[in-house]
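*Asks:*
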Amino acid sequence: MPILGDYHIHTPFCPHGTTDTLAAYAEKAIQLGLKEISFTEHAPLPEGFVDPTPDKDSGMRREQVDAYIKAIQKVREMYKNDLKIRVGFEVDYIEGFEQATTDFLNTYGDEIEDAILSVHMLKDNTDTFHCLDFSQAAFGDLVTALGSVENVYRAYFHTVEKSVRSDLGHFKPIRIGHMTLVEKFKRVYPYQYSKVMMKQIDQLLTLIKTKGYQLDVNTAGLFKPDCQTVYPNPVVLQRAKENGIPLKIGSDAHQATDVGREFQIALID
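Sequence positions in the sequence shown follow full-length UniProt numbering and run 1 to 269.
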């Protein structure tokens, strides 16, 4: 399939990103010959949820949302003759906070033109949340809490399945973000997929197909030193293709120079 755009891009509104301007991202996309981009900033975490990361910076603040939307609308007008720009969000699926997430989506749904649903937060056996991709140490804490690396993988894919099945209302995102993000530290915490785990993944892909959802093909993993593969990994990505699941490629750029990086090896043909 032809690569027309970059559908997973962050912004200066990201509390753990850079201060590169929206225009800088747009200029990079145009330089690469892309025809469209989606700004998909981390949506505010649901009301009542306590961010488990040390700096509490996993999502933008709720009071920033209106300014974020207006800023994208402004840059969209600036580049309307050269680039299609969409207003979007990367929305966290957090188990137990579905209603608060739905409330957010209902509030801004009419202005959302693209969105990704991602799992970053996992519960352990004491209902304590962990951010699975924050750091090696945090992932190690999650392994300790759940008892094994396999248990972390099992919990991750089970939570992704819950995100797909969840009722988040009319404006629920239909693109599942970086489906094998759990592999971010796989060179430190290796895991060989068992037949049972692959069956779980195949069932998840079937569910995604049945729901009519898309997959985020995310090249950021290629640049993580302990991962070095695209999300989802090549095996899962091939199975997604065989299932006929629509694919949308994204750089997960947190700085303008990352837009469109390594799209040519992301296994989209």
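Heads up, the beta-carbon is just placed ideally off N, CA and C, and yes, glycines get one too.
Considering only residues of the same chain and omitting the five flanking positions on each side of Gln200, which have a CB-CB separation below 6 Å?
*Replies:* These residues qualify, in order along the chain: Phe157.
*Asks:* Do Met179 and Val164 have their C-beta atoms closer together than 8 Å?
*Replies:* Result no, Cβ atoms of Met179 and Val164 do not sit closer than 8 Å.
*Asks:* Pull up the DSSP beta-bridge partners for Ala71, would you.
*Replies:* Per DSSP, none; premise fails for Ala71.
*Asks:* What residue ranges within the stretch 11-78 form continuous beta strand (DSSP E) runs of no fewer than 3 residues, ordered along the chain?
*Replies:* List check, beta strand (DSSP E) in window: 36-42.
*Asks:* Distance, Cα to Cα, residue 270 vs Gln64?
*Replies:* Summary: the structure shown does not reach residue 270, with the chain confined to residues 1 through 269, and so no result is reported for it.
*Asks:* Determine the burial state of Ala67: buried for a count of at least 16 other Cβ atoms within 10 Å of its Cβ, exposed for fewer.
*Replies:* Classification of Ala67: exposed, given that the 10 Å Cβ count is below 16.
*Asks:* Do you know whose CA, among Ala26, Gly147, Pro12, lies nearest Asp20's CA?
*Replies:* If we check each option's Cα against that of Asp20, Pro12 comes out closest.
*Asks:* Which same chain residues, not among the five before or five after Ser251, have their C-beta less than 7 Å away from its C-beta?
*Replies:* These residues qualify, in order along the chain: Asp6, His8, Ile9, Thr219, Ala220, Asp258, Val259, Gly260, Arg261.
*Asks:* Apart from the five residues just before and just after Ile94, which ones in its own chain have a Cβ nearer than 8 Å to its Cβ?
*Replies:* Excluding sequence neighbours, Ile94 sits near Leu45, Pro46, Phe49, Thr101, Met121, Phe129.
*Asks:* Check His120 in the structure and name its three-state DSSP category.
*Replies:* Correct three-state label for His120: coil.
*Asks:* Can you give the Cα-Cα distance for Thr40 and Leu146, rounded to whole angstroms?
*Replies:* For Thr40 and Leu146, the distance between alpha carbons rounds to 31 Å.
*Asks:* Whole angstroms are fine: how far does the CA of Arg76 sit from the CA of Val149?
*Replies:* Rounded to whole angstroms, Val149 to Arg76 spans 43 Å at the Cα level.
*Asks:* Specify whether the stretch 109-119 and the stretch 135-144 touch according to this definition: at least 3 beta carbon pairs, one from each stretch, less than 8 Å apart.
*Replies:* No, they do not touch.
*Asks:* Taking the beta carbon of Phe223 as the centre, do at least 16 other beta carbons fall within 10 Å, making it buried, or is it exposed?
*Replies:* So Phe223 ends up on the exposed side.
*Asks:* Where do the N-terminal and C-terminal ends of the alpha helix (DSSP H) with Leu204 fall, by residue?
*Replies:* Unbroken alpha helix (DSSP H) run through Leu204: 195-211.
*Asks:* Put Gly221 into one of helix, strand or coil per three-state DSSP.
*Replies:* Three-state DSSP puts Gly221 in a helix.
*Asks:* For Gly177, which option in Asp82, Val230, Gly244 has the closest C-alpha, if you only look at C-alpha atoms?
*Replies:* Looking at the Cα atoms, Val230 is the closest of the given residues.
*Asks:* Name the residue from Ile116, Tyr108, Phe104, Ala155 whose alpha carbon lies nearest to the alpha carbon of Asp127.
*Replies:* Answer by Cα proximity: Ala155.
*Asks:* According to the Cβ coordinates, are Lys248 and Arg187 closer than 8 Å?
*Replies:* The answer is no: Cβ separation not under 8 Å.
*Asks:* Under a three-way DSSP split, which group does Asp114 fall into?
*Replies:* Here Asp114 sits in strand by DSSP.
*Asks:* Following the continuous beta strand (DSSP E) through Leu247, name the residue where it begins and the one where it ends.
*Replies:* Counting along the chain, the beta strand (DSSP E) containing Leu247 begins and ends at 247-250.
*Asks:* Is the beta carbon of Pro190 less than 8 Å from the beta carbon of Leu117?
*Replies:* No, Cβ-Cβ distance for Pro190 and Leu117 is not below 8 Å.
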